[in-house]
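**Student:** Got a structure here, written out as structure tokens. Questions coming.
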């Protein structure tokens, strides 16, 4: 598993995909411009792309989030060539699923899924 760890970076808004319907990502005040590599999904420990950032490769496989980052994601950006099938509340991509996010999605506040991710398929 390749997890990249950085402190806050940042970039602009796109779409959230739920049940095949693309809708604009949630709006929010972005204190900084955030960015993410095109083939990765980046997560921040605070809303609006603040706090520490960690990322995972988007290769279609389930990834367990390391203990340090488990249940800490509060905002995310999906790279331009990446997707999230779903984040899950338990390890091994089990538990309650999140919505799916398409390439370029920017979510400044994960809302009801804030601080709940233990694994992700991206």
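Numbering (this note's numbering), first residue to last: 1268 to 1389.
Ideal placement from N, C-alpha and C gives every residue a C-beta, glycine not left out.
1) Which residues in the same chain as residue 1245 place their Cβ atom closer than 6 Å to its Cβ, once the five residues preceding and following it in sequence are excluded?
2) Have a look at 1313, 1348, 1330 and 1352 and flag the residue whose alpha-carbon is nearest the alpha-carbon of residue 1358.
3) Rounding to the nearest angstrom, what Cα-Cα distance links residue 1384 and residue 1302 in this structure?
4) When burial is assigned at 16 or more other CB atoms within 10 Å of the CB, is residue 1327 buried or exposed?
5) Just to confirm before moving on: does the CB-CB distance between residue 1323 and residue 1348 stay below 8 Å?
6) Pick from 1313, 1386 and 1314: whose alpha carbon is nearest that of residue 1351?
7) Using the three-state DSSP reduction, which class does residue 1297 fall into: helix, strand or coil?
8) Check for me: the beta strand (DSSP E) holding residue 1326 runs from which residue to which?
9) Could you compute how far the alpha carbon of residue 1390 sits from the alpha carbon of residue 1366?
**Tutor:** The relevant details are as follows:
1) Here the chain has residues from 1268 to 1389 only, and residue 1245 is not among them.
2) Here the question's residue 1358 lines up with position 91 in the chain shown. Comparing Cα positions, the closest option is 1330.
3) Locating residue 1384 in the chain shown gives position 117, counting from the first residue. Locating residue 1302 in the chain shown gives position 35, counting from the first residue. Here the C-alpha atom of residue 1384 lies approximately 20 Å from the C-alpha atom of residue 1302.
4) For the purposes of this step, residue 1327 is taken as the residue at position 60 of the chain shown. Residue 1327 is exposed by the Cβ-count criterion.
5) Your numbering for residue 1323 matches position 56 in the chain shown. Your numbering for residue 1348 matches position 81 in the chain shown. Contact: no.
6) What you label residue 1351 is simply residue 84 of the chain shown in a count that begins at 1. Checked all of 1313, 1386 and 1314; the closest Cα to residue 1351 is 1386.
7) Taking the chain shown and counting its residues from 1, the one referred to as residue 1297 is at position 30. The predicted position of residue 1297 is uncertain, since its pLDDT is 46 and thus under 50; no value can be drawn from it.
8) Translated into positions along the chain shown, residue 1326 becomes position 59. Following the DSSP letters along the chain, one finds residue 1326 in no beta strand (DSSP E), marked with neither H nor E.
9) Coverage of the chain is limited to positions 1268 through 1389, which leaves residue 1390 absent and any answer about it impossible.
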